[in-house]
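Written below as structure tokens is the structure these notes are about.
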Amino acid sequence: MNKFSYNSTQYTDYRPNYPKELYAYLQKCAGNGLVVDCGAGSGQNSLGLSQYFKTVIATDLSFELLLKASHLKNVSYVQSSADQLPIRSNTTRLICIAQAIHWFPLNDFYREVKRILQPDGIIAAWGYNQAVIEPKVDEVIKKIYLQMSSAQNPSAERQYLYDHYKTLPFPFQLISSPDFSMQVDWNLHQLIGYIKTWPGLLEYEKRFGVNLVDEREGELFAAWEDPSNLKLVTWPIYLKIGVI
């Protein structure tokens, strides 16, 4: 997505990877066949999909982000908007959207989903929000997040994310799914690198001339104690999956 192009290298380096259990579940639901990864960004999700499916087409509006993606034999990268997918009709078994569907023009995108999916094809959209580490650290991250969010213009797109996609329009037959989460062992430097990938932070700095991470850095160090220590960072994933 163009929204993330400004920071593509950091986005690639510090965004967590989705769990293999999620991909195994998607393979069980969809079987083998063509998979389309919409809003693929720099290819974190495409990489995971490539290990479970034979053919993946990854699309994103940002050419810069796609250039950062790994070169994989079974993944093709195509610059494309979500509402004009360069995919033939009735050819796709699975459409995935990781941390991106809330930015799409939903009516037009869903029209494309119904066009390219085969009968009984699967659409899976998922996202994540705040990481869970330990109370002292979580509290500082929450301060940064709330201050950033308070300056953003209210929008339906952001609200879908804040609501964990519970209010996201989804005109498909829902499938009950297990719970998934991402987990990594990170030091403080890695956590700060991740926080700096939040698009809203750049918007805040442009508007107010304040870097919220730098402003709270002392609190983060105090909460973490030894910055070289590794801590378990967990992001609960919220998944909407349906059949056409």
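Counting in the working numbering, the sequence shown runs from 24 upward without gaps. No residue lacks a Cβ here, since even glycine has one placed at the ideal position from N, Cα and C.
Taking the straight line between their C-alpha atoms, what separation do you get for residue 223 and residue 264? 27 angstroms
Using only the alpha-carbon positions, how far apart do residue 236 and residue 43 sit? 31 angstroms
Quick one: is residue 28 buried, meaning 16 or more other Cβ sit within 10 Å of its Cβ, or exposed? A caution first: residue 28 carries a pLDDT of 48, below 50, which makes its placement in the model too unreliable to give a value.
Can you list, in chain order, the residues of its chain with a C-beta nearer than 8 angstroms to that of residue 144? Leave out the 5 residues immediately preceding and following it. 53, 115, 116, 117, 118, 266, 267
Got a sec, what are the start and stop residues for the beta strand (DSSP E) residue 18 sits in? Within the shown structure, residues of the chain are numbered from 24 to 267, placing residue 18 beyond reach of any answer.
Please report the distance separating the alpha-carbon of residue 109 from that of residue 100. 11 angstroms
Between which two residues does the alpha helix (DSSP H) carrying residue 131 extend? 129-139
Roughly how many angstroms lie between the CA atoms of residue 195 and residue 166, to the nearest whole one? 37 angstroms
Please classify residue 125 as buried or exposed, where buried requires at least 16 neighbouring CB atoms within 10 angstroms. buried
Bridge partners of residue 245, per DSSP? The partner list for residue 245 (beta bridge, DSSP) is empty, contrary to what the question assumes.
My understanding is that residue 200 touches residue 48, with C-beta atoms under 8 angstroms, so please give their C-beta distance in whole angstroms. 7 angstroms
Which word fits residue 40, buried or exposed, when buried means at least 16 other C-beta atoms lie within 10 angstroms of its C-beta? exposed
Applying the 10 Å Cβ sphere with the 16-neighbour rule, what's the burial state of residue 176? exposed
Can you tell me which of 192, 65, 258 puts its alpha carbon nearest to the alpha carbon of residue 90? 65
Please report the distance separating the alpha-carbon of residue 290 from that of residue 242. Lying before the first or after the last residue shown, residue 290 is absent from the chain, which here runs from 24 to 267.
Outcome for residue 248 when other beta-carbon atoms lying within 10 angstroms are tallied against a minimum of 16: exposed
Mind pulling the alpha helix (DSSP H) runs of 4 or more residues that sit fully within the region 138-215? 158-173, 179-185
Rounded to whole angstroms, what's the CA-CA distance from residue 227 to residue 164? Just pull it up for me. 15 angstroms
Nearest-angstrom Cβ-Cβ length linking residue 106 and residue 132, presumed shorter than 8 angstroms: 5 angstroms
Since residue 117 is in the beta strand (DSSP E), which residue starts that stretch and which ends it? 115-121
Do you know offhand how far residue 206's Cα is from residue 258's? 7 angstroms
In or out: residue 150 buried (at least 16 other Cβ within 10 Å) or exposed? buried
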